[in-house]
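Everything below concerns the one structure shown next.
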Amino acid sequence: MSSLFDQLRAGVTTASAAETQALAAAFAAALPPDTTLALHGDLGVGKTTFVQGLARGFGVTEPVTSPTFTIFTLHRGSRTLVHLDAYRLDRAAQLDSLMLEDFLTSPYCLAIEWPEKIAAWLPPTTLHLDLGIARDERHLLRLR
Amino acid sequence: MILALESSCDESAVALFDPARGLVGEWVHSQIALHEKHGGVVPDLATREHLRHFGPLLTRARAEVGFSRVAGIAVTNGPGLAACLAIGVASAKSLALALRAPVLGVNHLRGHVWSPFIALHAESPAAFGQRLTAHLPHLGLIVSGGNTLLFVLDEARGVAVLSSTRDDAAGEALDKGAKLLGLGYPGGPAIEKLAADGRVDAFDFPRGIGRRDELDFSFSGLKTSLRYLIEKLPAAEVQRRLPDLCASYQQAVVDALTRKTRAALRLHEGRFRSLGLSGGVANNRTLRAALEAEAVRAGIPLLAAQPKHTGDNAGMIAFAAWADPTGVNRAANLALGIEPSAGLA
């Protein structure tokens, strides 16, 4: 599984949402418990698509939709998948009003869109993944 | 009488519902102006605003109508922003203790399910049961910033989800489209306004998942295609063609919603006796007209929620607490918890 991490550190391009999800599902299986994953990238680069793949990797069967409206959503699978959209947060202190700790039950995977908004709050062990659009509408994913 | 509280997002709302008369009072404090500056609802600001405004709203409700006949305290306990929901639920529990009435936990989406029927009840409260039966089974479309789904309300008033969005909600597609185009918040009304002067066929946007019998919605590809388009067009061209962009983009959202609704009507040919439209995006005029046409085509009436009952409001929570036999949590009472990511069923 370390080879997947190595590949992602070098950068992987995907040609479709299905490919991005398959990659994310394999990545989910390789993640240690209680991981915080920061997904960096602009609107429309495939952050929610990636989290849908993570969910599949954790055996979540319900639909994983954008958490923008309620800021975070919970999905129960082999891990508690917490999908957080930090876009509307501009201070780490605002996390208090989300009562996030009440819902982060181990083993969990906390996937964060727009993590730069709450950079001060992110644990030092956070994995950072950059998502972007390459040429020909292909999507580029790279682990920092 | 049912006293209802709603605080799932950025509106603090209180309503009183009398089954024999209908909604006898609705009091709202909206935070839209506050969140406009931030381009969206800011959770900790919203929480503080709820704390500040529930007291005065309740004081007004007690002064204008009175709480002496209140027999139940309905409250939204999900889905929504966690701390905002917690304030509503805590307030409901204190009121329940003070007024010696039970707490009724209501799913916000059940409120949207029932909101198109509030007007039917108001026309003639005594005949409501009979007239409701004549409208069931009912196919409903809920379209809001957080949800997009088709559901069935059956003869026994049971609710079943027929389909939902696989990624973004329709309202979110409009909000995020507006964001990509550099328009303000809330994005839906901004797009609708500009779209009025644009051509709906100026740009070709995808209409979501293709197959006719596939009822799920998808709006994330639409958002991405707008992004690709904006990156290809010179910035001045984007500015000059904003009305066309908005009209074409909005039409793609409306078409996707209409096509799936039509597909659901066809799959269950002749089953439904009414069509419903509710949620914040239900105010969009293009969408209302399109759904009206679908209802006419199917030969059934369209029940659209009244504008004051499309967004977050306590009227629909009170009404659902009374009308919905299965979707109300009556057992938890003072132990009622919040469910920030609750679904409809």
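Line by line, the protein sequences give chains X and G.
Just so it is clear: in the first sequence, position 12 is 11 by numbering that gives the first Met the number 0, and no numbers are missing.
Just so it is clear: in the second sequence, position 310 is 309 by numbering that gives the first Met the number 0, and no numbers are missing.
Ideal placement from N, C-alpha and C gives every residue a C-beta, glycine not left out.
is_contact[residue i, chain G] using C-beta, thresh 8 Å
{"i": "T19 (chain X)", "result": "no"}
{"i": "R87 (chain X)", "result": "yes"}
{"i": "E115 (chain X)", "result": "no"}
{"i": "L139 (chain X)", "result": "no"}
{"i": "L73 (chain X)", "result": "yes"}
{"i": "I111 (chain X)", "result": "no"}
{"i": "E136 (chain X)", "result": "yes"}
{"i": "T67 (chain X)", "result": "yes"}
{"i": "S96 (chain X)", "result": "yes"}
{"i": "Q6 (chain X)", "result": "no"}
Local conformation of residue i per DSSP, three classes
{"i": "D95 (chain X)", "result": "helix"}
{"i": "M0 (chain X)", "result": "Residue confidence for M0 (chain X) is low, a pLDDT of 49 falling below 50, so the modelled location carries little weight; the figure read from the coordinates is stated next. In this structure, M0 (chain X) counts as coil in the three-state DSSP scheme."}
{"i": "D37 (chain G)", "result": "Just to set this straight, residue 37 (chain G) is His in the shown sequence, not Asp. In this structure, H37 (chain G) counts as coil in the three-state DSSP scheme."}
{"i": "I190 (chain G)", "result": "helix"}
{"i": "N412 (chain G)", "result": "Here chain G covers residues 0 to 344 and nothing more, so residue 412 (chain G) does not appear."}
{"i": "T285 (chain G)", "result": "helix"}
{"i": "L56 (chain G)", "result": "helix"}
{"i": "T75 (chain G)", "result": "strand"}
{"i": "E338 (chain G)", "result": "coil"}
{"i": "T34 (chain X)", "result": "strand"}
{"i": "E61 (chain X)", "result": "coil"}
{"i": "N328 (chain G)", "result": "strand"}
{"i": "A97 (chain G)", "result": "helix"}
CB contact check: residue i to chain X, cutoff 8 Å
{"i": "L256 (chain G)", "result": "no"}
{"i": "P242 (chain G)", "result": "no"}
{"i": "S123 (chain G)", "result": "no"}
{"i": "Y227 (chain G)", "result": "yes"}
{"i": "L80 (chain G)", "result": "yes"}
{"i": "P188 (chain G)", "result": "no"}
{"i": "T46 (chain G)", "result": "yes"}
{"i": "V5 (chain G)", "result": "Going by the sequence as given, residue 5 (chain G) is Glu instead of Val. Chain X contact via Cβ: absent."}
{"i": "L180 (chain G)", "result": "no"}
{"i": "A91 (chain G)", "result": "no"}
{"i": "A263 (chain G)", "result": "no"}
{"i": "T325 (chain G)", "result": "no"}
Beta bridge counterpart(s) of residue i as assigned by DSSP
{"i": "W26 (chain G)", "result": "G:V13"}
{"i": "D129 (chain X)", "result": "X:H39, X:R141"}
{"i": "S163 (chain G)", "result": "G:L148"}
{"i": "R75 (chain X)", "result": "X:T79"}
{"i": "E112 (chain X)", "result": "X:L38, X:D84"}
{"i": "E5 (chain G)", "result": "G:A12"}
Own chain partners of residue i with C-beta closer than 6 Å, once the 5 adjacent residues on each side are dropped
{"i": "R156 (chain G)", "result": "P324"}
{"i": "T69 (chain X)", "result": "none"}
{"i": "P123 (chain X)", "result": "none"}
7 Å Cβ shell around residue i - same chain, five flanking residues per side excluded
{"i": "M0 (chain G)", "result": "L15, F16, D17, R68, V69, A70"}
{"i": "G40 (chain X)", "result": "K46, D129, L130, G131"}
Listed by chain order, chain B residues near residue i by CB distance under 7 Å
{"i": "P62 (chain X)", "result": "The structure shown contains no chain B; the protein chains it does contain are X and G."}
Beta-carbon contacts of residue i that lie in its chain and below 8 Å, excluding the five residues immediately before and after
{"i": "E171 (chain G)", "result": "G144, G145, F218"}
{"i": "V253 (chain G)", "result": "N283, T285, L286, A289"}
For the stretch 36-52 of chain X, which residues have a CB atom closer than 9 Å to at least one CB atom of chain G, in sequence order?
Under the 9 Å Cβ criterion, the stretch 36-52 of chain X contributes D41, L42, G43, V44, G45, T47, T48, Q51.
What are the residues in the stretch 144-156 of chain G lying within 7 Å of chain X by C-beta distance?
For the stretch 144-156 of chain G, the residues whose beta carbon sits under 7 Å from a beta carbon of chain X are, in order, G144, G145.
Pull out every residue of the stretch 11-41 of chain G whose Cβ sits closer than 8 Å to any Cβ of chain X, in chain order.
Taking 8 Å as the Cβ-Cβ cut-off against chain X, the residues of the stretch 11-41 of chain G that qualify are H37, G38, G39, V40, V41.
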